[in-house]
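Notes for the one structure printed next.
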Amino acid sequence: MSPSPRTSPVDLVFTLQQEIAVLAERPDVREALEWFAGNEAQFTRWQLDLARIPAPPFGESDRAAWVAEKFRSLGLKKLRRDEVGNVLGLRTGTQDSAISISAHLDTVFPAGTLLNSRQQGPRLYGPGISDNAAGVTALLAVAAACQEFALPHEASVLFIGNVGEEGEGDLRGMRHVYFESPWKDVIRASVVIDGAGSDTIVAEALGSRRFEIAFHGPGGHSWSDFGAPSPIAALAHAIHLFSQTRVPTSPKTTFNVGVIEGGTSVNSIPESARMRVDIRSTSALEIERLELELRRAVEQAVEQEDSGSRRGNGSQRHAGLKAEIRAIGSRPAGELPRNARTLRVARAVDAHLGNTAQIQRASTDANIPLSLGREAIALGAGGSGGGAHTLQEWFDITGRELALKRILLIVLQLAGTPYGAAK
Ligand SMILES: [Zn+2]
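Remember, the working numbering sits 926 above the position in the sequence shown when you count from 1.
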C-alpha cells in the first residue's frame, strides 16, 4: 500500500539559506528578533546584578541560585541544580532530542574580590562583566524571547548555567552534563555562549593538559651535606631536557613551564621544589607525545641527580630523590567537521544577518562535546569587551542585539521549527 500523496510547503527543496529566511520571517520569530533591541535596559540590569554575585572557581552556588530564580520566572521547566552545581531549565519541544544552550557561571576571580560592576554610558565595567556575565545574560535574553513570543521548536531547548569552566574548574560542569547527566545522550547539539562579540564561531577545541610536578629530597646543609641530591637542580635539569622537545608548527603544539618554586634559604640544600607545566595542541596525539616527553625528562633528571652522576662523584648511591607528577587539568581537543550541521546553520544565519565571522580554535566548554565527536560551537554574547580576567574588565552593549538574534536563530534552526503561519 502506498501512502496517499499530499502536498505541503516542505515538499519543496529548500536550501539551508532559504530555511533560515523562512524561519526569520515567521511573524512570531520576527517579533522576537525585533524585541531584543527594545529590551537592552533589562539585559544591562541582569548583567550588572549578576556580576555583583561572587562566583570564584568552586564557589558558584550564589550565582547559580540567582540564575535558577531567573530561569523559573522565565517559564523554564524541569528546573534542577545538579550534583556539581549546574543550573538546568527546559523548554519542552515536540521531539525527544534536545539542543543545549549554555553559559558558564564561574569567574577567575577569587572570593573577596571587589565586584563593583557599574555602567558609564554604553560601557559596563567590573570583574567578570564580559566573561561570563555577558554570556549568562544572553542565555536569559534568549529564554525571555522564547517565553514572550511562545516560540515553537521540535527538539527541546535545554538552558544550562554551568560551573567550572575557568582554570582548575577544568570544564567539570560540562563534563558532568556529557558524562553523568540524564541529558548526555539526548543533546543533539550544544551552543556555548562565552564572552563578548559576534564575529567568531569556535568550532575547534584547543586541547591542553596541565601538571604540577613536585620534587622531594633529603635536604641538608650547603657545606656539610654537599653532594646530597637537590630537588631544585633536578627540576632545572628536567626543564632543560623537556625544553629540547621538538614541536610541530602544524598541528600547532606548545608547552610552557609557568611557575617554579622551591627551597628555603641560600645555604640549605632544598627539600622540595615544584613546577607547573602547560601543554597545548590542536592534536590529541601531540598532547600525548608531549606528556610522555615530560615524564621522561623528569624521570631522567631525577635519576641523574639522585645517583650523583650529574655531579660526577660517581658513587651511584641513590639518596632518595623523588618526583611526583600530578595532573591538574585536562581539556580534550577536537573539532567540528566543516560539513557538520551546526556549523552550516551558524554560517547560514550569519549570511542571513549580514554578519562576518571567523571560525576559531579556543578552549571553551565546547571542548567536551567536540572531543566526543558531538556537535558543538561556542559563540560570543555580542557587544564588545576587553580586559578579560583582569579587574579592568569591560563590556560595551553597543550592537548586543545582533548576537542575540544570531543565537536565537541558530538555536531555533537547530531545534527545528514547524513551517507555516504562527499564532
Ligand atoms: Zn569564559
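The C-beta atom is built at its ideal place from N, Cα and C for all residues, glycine as well.
Can the beta-carbon of residue i be found closer than 8 angstroms to that of residue j?
i	j	result
Gly1011	Val1089	yes
Pro980	Asp988	yes
Thr1133	Arg1206	Residue identity differs from the one stated: residue 1133 is Gly in this sequence, not Thr. Closer than 8 angstroms, so yes.
Val1228	Ile1139	no
Leu1016	Lys1003	yes
Ala1160	Leu1247	yes
Gly1038	Val1083	no
Ala1304	Thr1282	no
Val1128	Ile1333	no
Thr1208	Arg1101	no
Leu1050	Gln973	yes
Lys912	Leu1066	Within the shown structure, residues of the chain are numbered from 927 to 1349, placing residue 912 beyond reach of any answer.
Gly1342	Ala1081	yes
Ala1302	Ala1069	no
Ala1274	Ile946	yes
For the alpha helix (DSSP H) containing residue i, list its first residue and its last residue.
i	result
Leu1334	1326-1341
Asp1232	1210-1233
Arg971	966-977
Trp992	987-999
Gln1318	Careful: Gln1318 lies outside any alpha helix (DSSP H) and carries neither H nor E.
Gly1099	1098-1105
Thr1268	1267-1279
Phe1168	1157-1169
Ile946	942-951
Glu1074	1059-1074
Counting contacts by CB-CB distance shorter than 8 angstroms, is residue i in contact with chain C?
i	result
Ala1277	Protein chains in the displayed structure number just one, and chain C is not present.
Give me the Cα-Cα distance between residue i and residue j, rounded to the nearest whole angstrom.
i	j	result
Ile1186	Arg1200	6 angstroms
Phe1152	Glu1231	13 angstroms
Asp1120	Val1173	30 angstroms
Lys1331	Glu1094	33 angstroms
Ala994	Arg1007	8 angstroms
Gly1061	Arg1136	26 angstroms
Ile1025	Ile1113	5 angstroms
Glu1319	Glu1225	42 angstroms
Glu960	Ile1027	21 angstroms
Gly1280	Ala1071	22 angstroms
Gln1242	Gly1143	Note on Gln1242: pLDDT 49, under 50, position unreliable in the model; no value is reported.
Glu991	Leu1296	Note that residue 991 is Ala in the sequence shown here, rather than Glu. Cα-Cα distance, rounded: 29 angstroms.
Thr1180	His1166	16 angstroms
Gln943	Asn1182	44 angstroms
Glu1092	Ile1251	22 angstroms
Asp975	Ala1059	9 angstroms
Gly1240	Glu1212	Its pLDDT being 49, under 50, Gly1240 is placed unreliably by the model, and nothing is read from it.
His1278	Ala1131	26 angstroms
Thr970	Thr941	37 angstroms
Tyr1104	Ala1259	15 angstroms
Gln1021	Glu1219	48 angstroms
Leu1335	Asp1276	10 angstroms
Ala1162	Ala1122	40 angstroms
Ala1210	Ala1272	26 angstroms
Gly1312	Phe1321	7 angstroms
Val1034	Glu1009	21 angstroms
Thr1316	Ala1245	45 angstroms
Asn1193	Ala1223	27 angstroms
Gly1099	His1147	48 angstroms
Phe1085	Pro1177	34 angstroms
Ala1253	Pro1263	29 angstroms
Gln1073	Arg952	16 angstroms
Pro1108	Ser1023	12 angstroms
Mind reading off the beta-carbon distance from residue i to residue j? Whole number of angstroms is fine, and I expect it under 8 angstroms.
i	j	result
Gly1325	Ala1064	Their Cβ separation, rounded to whole angstroms, is 13 angstroms, which puts Gly1325 and Ala1064 out of contact at 8 angstroms.
Ile1323	Pro1053	So it is not a contact: roughly 18 angstroms between Cβ atoms.
Leu1077	Ala1249	That belief does not hold up - the Cβ atoms of Leu1077 and Ala1249 are roughly 57 angstroms apart, past 8 angstroms.
Asp1057	Ala1314	5 angstroms
Leu1338	Val948	Contact doesn't hold; Cβ gap of about 11 angstroms is too wide.
Glu1327	Ala1029	Not quite, the Cβ-Cβ distance comes to about 17 angstroms (not below 8 angstroms), so this is no contact.
Pro1155	Pro1196	With 8 angstroms as the limit, Pro1155 and Pro1196 do not qualify as a contact, their Cβ atoms being about 10 angstroms apart.
Thr1126	Gln1284	6 angstroms
Gly1188	Ser1198	6 angstroms
Between which two residues does the beta strand (DSSP E) containing residue i stretch?
i	result
Asn1088	1082-1088
Ile1294	No beta strand (DSSP E) contains Ile1294, which is instead part of the alpha helix (DSSP H) from 1293-1297.
Glu1138	1133-1142
Ser1289	Taken as a continuous stretch (DSSP letters only), Ser1289 belongs to no beta strand (DSSP E), as it is neither H nor E.
Val1013	1013-1017
Ser1028	1024-1030
Asp1204	1198-1207
Lys1003	1003-1007
Leu1050	1049-1051
Phe1181	1179-1188
Leu1305	1301-1305
Gly1123	Neither: Gly1123 is in no beta strand (DSSP E) and is coded neither H nor E.
Gln1021	Careful: Gln1021 lies outside any beta strand (DSSP E) and carries neither H nor E.
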